[in-house]
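Visitor: The opening residue of the sequence shown carries number 12 in the working numbering; numbering runs sequentially from there.
Please see the structure below; I have some questions.
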Amino acid sequence: MSKHELYVGLMSGTSLDGIDAVLVALSGNTPELLATTFRPYHVTLKQALLSLHQPSHDELHRALLLGNTLAQEYASAVASLLHTAAVTPNEIRAIGCHGQTIRHRPDASYTLQLGNAALLSELSGITVASDFRSRDIAAGGQGAPLVPAFHDKVLRHPDIHRAIVNIGGISNLTNLPPQGTATGFDCGPGNLLMDAWIMLHRNEAYDRDGAWAASGQVIAPLLQALLDGPFLHAPPPKSSGRELFNLAWLENHLSGDEAPVNVQATLLAFSAHAIANAIKTSCKGAKEIYLCGGGAHNQELVRQLRIALPDCLLQPTDKLGIEADWMEAMAFAWLAQQTIQGRSIDLSAVTGARHPCILGAIYQA
Ligand SMILES: Nc1ncnc2c1ncn2[C@@H]1O[C@H](COP(=O)(O)OP(=O)(O)O)[C@@H](O)[C@H]1O
Ligand SMILES: [Mg+2]
């Protein structure tokens, strides 16, 4: 296989669970997934990253050091991926590295993903494309979500109205009408509030299958208060992150008397409503909904989405040939190819960018 066909995609999202790494052949119209690996973050790395989401002492120095640590983690993930696939670095055209978001502030015209791309290129011996979001923000966009461009490329159907929901820390939606422009935006929380709450009360990284939430009772006034927040009601373009949806924000809505299990049930219902309402308002007529991201494994969340969207067929993107767990990393492999080939991407109907842009910066091997 020619070296110009192979790309690596690295995704490390808001959930702070770790690094999804994929090896993808991007020669034809359909991306071919050749190998995958997941490298979880050590709990100390996760804590160090979490502590950089708010202003704190000597944060610039600590952020740059963590960027170096992340580059080493990314390089290890790439090495293990290539080992699995028996592929050498010189066969890879480029790595598309999302980086780790520690601040996303389109309102202040910046977004910051950590991960020293120069060091990753040095360690891996492979060209790296990174910092995909900044150019979109420079062009007046939200900088997120970017994956709708990939969904549009590979998942659109000529006759069937589809929507794709990526349930990561934050959830985002792509509307793919058979004709017309693809649209998309962040719906609100996906997993991040549920993850934070179960960590606080049960010291578990996430609520497997939504089982803890399913054993509690939704607190109706709390759910209503969360749903009344301005983000869900704001028209697109919009994007979000830990700046808005975090434990401090949640605790502002609590009296302190709630049983933790009932708060978890309410948080799951909040994510389900945020997603279902976004589909009902912005994907009118969509018949097929495809889920991806870790939240697609949350059976209770999927069950509630099915109840809220009785007219839609809800399935994981696996049914369309793209595994739900690797969709976003594959998107960043594809985004790297667009960067390397100098192709601009039109996200004006998603992020609100004023014009198509070539996203990303290139660090040559
Ligand atoms: N079996 C499961 N049940 C419930 N939630 C799950 C399950 N598997 C993964 N998740 C959720 O998915 C998250 C990771 O999803 P991911 O798509 O990697 O998000 P991100 O892009 O924000 O990193 C985990 O933190 C967890 O909340
Ligand atoms: Mg993740």
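Think of the CB as a built atom: it goes at the ideal place given N, C-alpha and C, for glycine as much as any other residue.
#1: Can you list the residues near ligand 2, meaning Cβ strictly closer than 5 Å to any non-hydrogen atom, in the order they appear in the chain?
#2: Between which two residues does the alpha helix (DSSP H) containing residue 94 stretch?
#3: How many Å lie between residue 186 and residue 314 at the Cα?
#4: Does the beta-carbon of residue 157, which I'm using as the reference point, lie nearer than 8 Å to any heavy atom of ligand 1?
#5: Pull up the distance between the alpha-carbon of residue 249 and that of residue 202, whole angstroms please.
#6: Could you please give me the residues that DSSP links to residue 22 through a beta bridge?
#7: Any idea if residue 40 is buried or exposed, counting beta-carbon neighbours within 10 angstroms, 16 or more meaning buried?
#8: May I ask you to check if the CB of residue 309 is nearer than 8 Å to at least one heavy atom of ligand 1?
#9: Using the Cα positions of residue 73 and residue 58, report the straight-line distance between them to the nearest angstrom.
#10: As a quick exercise: from 193, 218 and 27, pick the residue whose alpha carbon is nearest that of residue 52.
#11: Looking only at C-alpha atoms, which of 70, 207, 236 and 110 sits nearest to residue 82?
#12: Answer yes or no: do residue 211 and residue 258 have a C-beta to C-beta separation smaller than 9 Å?
#13: State yes or no: is the C-beta of residue 225 nearer than 8 Å to some heavy atom of ligand 1?
#14: Run the proximity test for residue 175: is its beta-carbon closer than 8 Å to any non-hydrogen atom belonging to ligand 3?
#15: At what residue ranges does the region 131–186 contain a whole run of the beta strand (DSSP E), taking only runs of 3 or more?
#16: If we call anything under 9 Å between Cβ atoms a contact, is residue 177 one with residue 294?
#17: Could you give the residue range of the alpha helix (DSSP H) that holds residue 343?
#18: Could you name the residues of the same chain whose beta carbon sits closer than 8 Å to that of residue 169, not counting the 5 residues immediately before and after it, in chain order?
#19: Could you compute how far the alpha carbon of residue 118 sits from the alpha carbon of residue 358?
#20: Within the same chain, show all residues whose beta-carbon is closer than 6 Å to that of residue 161, passing over the 5 residues directly before and after it, in chain order.
#21: Where does the unbroken alpha helix (DSSP H) through residue 271 begin, and where does it stop?
#22: Going by C-alpha to C-alpha distance, which of 375, 376, 354 and 372 sits closest to residue 366?
#23: To which residues of the same chain is residue 95 closer than 7 Å at the C-beta, ignoring the five residues directly before and after it?
#24: Of all the options 71, 236, 99 and 280, which has the alpha carbon lying nearest to the alpha carbon of residue 135?
#25: For the pair the region 150–160 and the region 114–128, tell me if three or more CB-CB distances fall below 8 Å.
#26: Under 9 Å between the Cβ atoms of residue 204 and residue 196?
#27: Does the Cβ of residue 344 lie closer than 8 Å to at least one heavy atom of ligand 1?
#28: Helix, strand or coil, according to DSSP, for residue 254 in the structure here?
Guide: With the given structure in hand:
#1: 24, 26 and 28
#2: 70–96
#3: 21 Å
#4: no
#5: 18 Å
#6: In the DSSP output, where bridge partners are listed per residue, residue 22 has 31.
#7: exposed
#8: Between ligand 1 and residue 309, a heavy atom-to-CB distance of less than 8 Å is present.
#9: 12 Å
#10: Measuring from the Cα of residue 52, the nearest candidate turns out to be 27.
#11: 110
#12: In contact: residue 211 and residue 258 (Cβ atoms closer than 9 Å).
#13: no
#14: The model depicted lacks ligand 3 and carries ligand 1 and ligand 2 instead.
#15: 139–141 and 173–178
#16: no
#17: Residue 343: member of the alpha helix (DSSP H) spanning 338–351, first to last residue.
#18: 189
#19: Cα-Cα distance, rounded: 18 Å.
#20: 342 and 345
#21: 271–293
#22: 354
#23: 46 and 48
#24: 99
#25: Between the region 150–160 and the region 114–128, the count of Cβ pairs shorter than 8 Å is three or higher; the stretches touch.
#26: no
#27: no
#28: coil
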